[in-house]
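To keep things clear, I will list the structure first and then write my remarks on it.
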Amino acid sequence: MSFLKKLLVTAAFSAAMFVNAAYAENVKIALVVKSLGNGFFDAANKGAEEAAKELGDVEVIYTGPTKATAEAQIEVINSLIAQKVNAIAVSANDADALVPVLKKAMDRGITVISWDSGVAKEGRQLHLNPSDTGLIGETIIKLAADYLPEGGDVAILSASSTATNQNAWIEAAKKVLPE
524 MSFLKKLLVT
534 AAFSAAMFVN
544 AAYAENVKIA
554 LVVKSLGNGF
564 FDAANKGAEE
574 AAKELGDVEV
584 IYTGPTKATA
594 EAQIEVINSL
604 IAQKVNAIAV
614 SANDADALVP
624 VLKKAMDRGI
634 TVISWDSGVA
644 KEGRQLHLNP
654 SDTGLIGETI
664 IKLAADYLPE
674 GGDVAILSAS
684 STATNQNAWI
694 EAAKKVLPE
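Per this note's numbering, the very first residue in the sequence shown carries number 524; after that it's consecutive.
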C-alpha cells in the first residue's frame, strides 16, 4: 500500500472513530496542501482519490491556497470547519501558525492529522512522515557529491523558511556534510 493510501486509510479510520455512527457512512476528508498547482500534491490527491474509491463512502476534498502561506491555509481550514468535514489532513506551510485554527477544528470534533510537513503536536492528533528525515538529508548530500565528484560549493535551498519538513531535511543534510 502506498504512503498516500495509508494516509487516507488512517484519516478515514480516525475520522470514523471520532464521528457518531449516523455520520460515519459518508466520511468527508479534506486533503489540505501547501499550495495548489504543485505536482507532488496533485499526485497525493490522485492517490487519495484511488484509496477513497477502494474504501467506499469516503469523499476527498482536495484543497489548498494558491499562495503557499500560513494565512492562506488558515482561510482554507476555516472554510472546511464551516463545511463540517470529518477529517483534515494537512501539509503545513508553518508548523506553529496553523495550531489555533486546527485546535478549533479538533474542538468541533474534526480529526486532524498532518502529513509531509508537520504541524506542532498541539495542533494535530497524528503526524504521518513519508520518509526518514535523516535518510533524506543523507541522500541530498550523496546526490550533490555524485554530481560534483571533484568537489565544489553546494547551496541548499528551501522553498520557504517555515517549511517544517524542508528545514528538517536541511539540518539532517548539514550533519552529514564533510568538514
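Using N, Cα and C, we set each Cβ at its ideal position, and we do this for glycine too.
Reference residue i, options the options, closest by Cα
i: N609; options: N616, T592, A593, R631; result: R631
i: D655; options: R647, G587, D639; result: D639
i: P685; options: A593, G579, P623, I636; result: The sequence shown places Thr at residue 685, not Pro. With distances taken between Cα atoms, T685 lies closest to A593.
i: S602; options: S614, A618, I584; result: I584
i: N688; options: L658, A678, G674, Y670; result: L658
i: G641; options: M629, S614, D580, E673; result: S614
i: L621; options: A643, Q606, I604; result: A643
i: F563; options: A667, G674, P653; result: P653
i: V624; options: D617, I693, G646, K607; result: G646
i: D676; options: E702, I604, K576; result: E702
i: L705; options: L680, A668, P672, E673; result: No statement about residue 705 is possible, as the shown extent of the chain runs from 524 to 702 and does not include it.
i: I552; options: Q606, D565, A566; result: Q606
Other residues of its chain near residue i: CB distance less than 6 Å, five sequence neighbours each side excluded
i: I663; result: A696
i: L649; result: I636
i: E673; result: none
Own chain residues within Cβ distance below 7 Å of residue i, not counting five before or after
i: A544; result: Note on A544: pLDDT 38, under 50, position unreliable in the model; no value is reported.
i: K698; result: G660
i: N561; result: none
i: S558; result: G587, P588, T589, K590, A591
i: S681; result: Q689, N690, I693
Range of the contiguous beta strand (DSSP E) that encloses residue i
i: S637; result: 634–638
i: V613; result: 610–613
Residue i at chain D interface by Cβ criterion, 8 Å
i: G674; result: Within the model displayed, chain D is absent; a lone protein chain is all it includes.
Residues that residue i bridges to, as DSSP identifies them
i: K551; result: E582
i: L502; result: In the structure as shown, the chain begins at 524 and stops at 702. Residue 502 is therefore absent and cannot be evaluated.
Cβ separation of residue i and residue j, assumed to be a contact under 8 Å, to the nearest whole Å
i: I633; j: I611; result: 6 Å
i: I600; j: V550; result: Contact doesn't hold; Cβ gap of about 18 Å is too wide.
i: E582; j: A575; result: 7 Å
Sequence-distant residues of its chain with Cβ nearer than 8 Å to residue i (five each side left out)
i: K665; result: none
i: L671; result: V677
i: A628; result: I600, L603, I604, I611, V635
i: K626; result: E645, G646
Element boundaries [alpha helix (DSSP H), containing residue i]
i: G727; result: Residue 727 is absent from the structure shown; the chain starts at 524 and stops at 702.
i: N601; result: 593–606
i: V624; result: 622–630
i: T687; result: 687–699
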